[in-house]
Amino acid sequence: MAAPLHLHIPSLEDEDSWIIEVKYFAIINDFLQPGSHLSAAEAAAGINELTPMNREAKGEKAEEPISFLLEFWGTISKLARQIPHDHPAQDKMIEILKELQALPVVKVPISEGGFLLFWSEMPCLTEDWTEFDIGPSARDHPSKFGKWINRQAFAARLLQAGLADLFRLPTWCFMDALEEEPSPRQEYFECQLRAAVQWIEYSRDILFYSLDNLPNFRSLRRGSLYAGKGAAQQMAEMAVTADVSDEAAPAETATAEAPPAEVLVDTATAEAIVEAANADAATAELTTTESPNECVGKGQKIDTMDA
1 MAAPLHLHIP SLEDEDSWII EVKYFAIIND FLQPGSHLSA AEAAAGINEL
51 TPMNREAKGE KAEEPISFLL EFWGTISKLA RQIPHDHPAQ DKMIEILKEL
101 QALPVVKVPI SEGGFLLFWS EMPCLTEDWT EFDIGPSARD HPSKFGKWIN
151 RQAFAARLLQ AGLADLFRLP TWCFMDALEE EPSPRQEYFE CQLRAAVQWI
201 EYSRDILFYS LDNLPNFRSL RRGSLYAGKG AAQQMAEMAV TADVSDEAAP
251 AETATAEAPP AEVLVDTATA EAIVEAANAD AATAELTTTE SPNECVGKGQ
301 KIDTMDA
């Protein structure tokens, strides 16, 4: 059995802590423990009862739905940093989010106009994890390195599960680990490498099958060691050569069907292909316009590595 977790949220230790956060933290903490008898569906139902809509239906005053979501995603981020990257609780937290997403669709109007689909579209989750993806520096304490690795592992799981569009984050991780001079501080350099490895370990399938459809990002830049598209071009030429060889050889097996939605890719192959894709994406011409971030500017707090 996995080791028990000792999770904490600093803000909950204050006398004026938000009672709603206290309650949903208690539910999540209970479910994530190795010996818990609580199911993911039960945990999700308990959290859903705490949403502004359900509390208002009981005659209680409540905050704006977006404010609730931003606080909730902030709590999830703080917990993810505390859970070891290979601990089963990381997968269990994904289970809770999947159960929340599967709840009946609730269309909620927002004060700025329009509406959001509460839980079903995981509003603001992508923005929360992308806008404030602030990593440690070489001067930081090693404890922050571990939290950063844990965070990347959970973000990779979010991407693989289809819960958030986080394709920016592995690109940044690969650039820091592979396109810059190694830090003279060995612990920090290992942190960068291990952070990048989490994306290969936990989201390699979706990364591999999305290579042809990755979006262009305005914020991408080349690392100082980036030398061009040679690796990607070489791999493409190898693939073409392999196709020609296969056509020339006698057919010994039936024609292979298209790969299913979930196909395991070996780590070495995935690492090479994702690295090449990262290099291509970094120099792609920008032909799309990014939509404005609807979740920024509404009281969201930067979730620092100190949590």
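Counted from 1, the sequence shown has number 118 at position 118 by UniProt numbering; the numbering is strictly sequential. The beta-carbon is built from N, C-alpha and C at its ideal position, and this holds for glycine as well.
In this structure, residue 81 sits away from residue 130, with a CB-CB distance that is not shorter than 8 Å. Looking at the backbone, the Cα of residue 184 and that of residue 134 are separated by about 21 Å. Going by C-alpha positions, residue 205 is about 30 Å away from residue 38.
By the criterion of a C-beta distance shorter than 7 Å, residue 142 is surrounded in its chain by 187, once the five residues flanking it on both sides are discounted.
Secondary structure remark: continuous beta strand (DSSP E) runs of at least 3 residues inside the segment 82 to 140, in chain order: 106 to 109, 115 to 118. For residue 209, the enclosing alpha helix (DSSP H) begins and ends at 186 to 209.
Its Cα nearest to that of residue 166, the residue 126 stands out among 146, 126, 207, 76. In the three-state scheme derived from DSSP, where H, G and I count as helix and E and B as strand, residue 61 is classed as coil.
Under the Cβ criterion (8 Å, minimum of three pairs), the segment 152 to 164 counts as touching the segment 94 to 113. For residue 152, the enclosing alpha helix (DSSP H) covers residues 142 to 160. Counting along the chain, residue 166 sits inside no alpha helix (DSSP H), nor does DSSP assign it H or E at all.
With a cutoff of 8 Å on beta-carbon distance, residue 9 and residue 25 are scored as near each other. In terms of CA proximity to residue 85, 150 leads the group 209, 150, 43.
For residue 147, the closest alpha carbon among the candidates 123, 119, 88, 77 is that of 77. Look at residue 13 here: in three-state DSSP terms it is helix.
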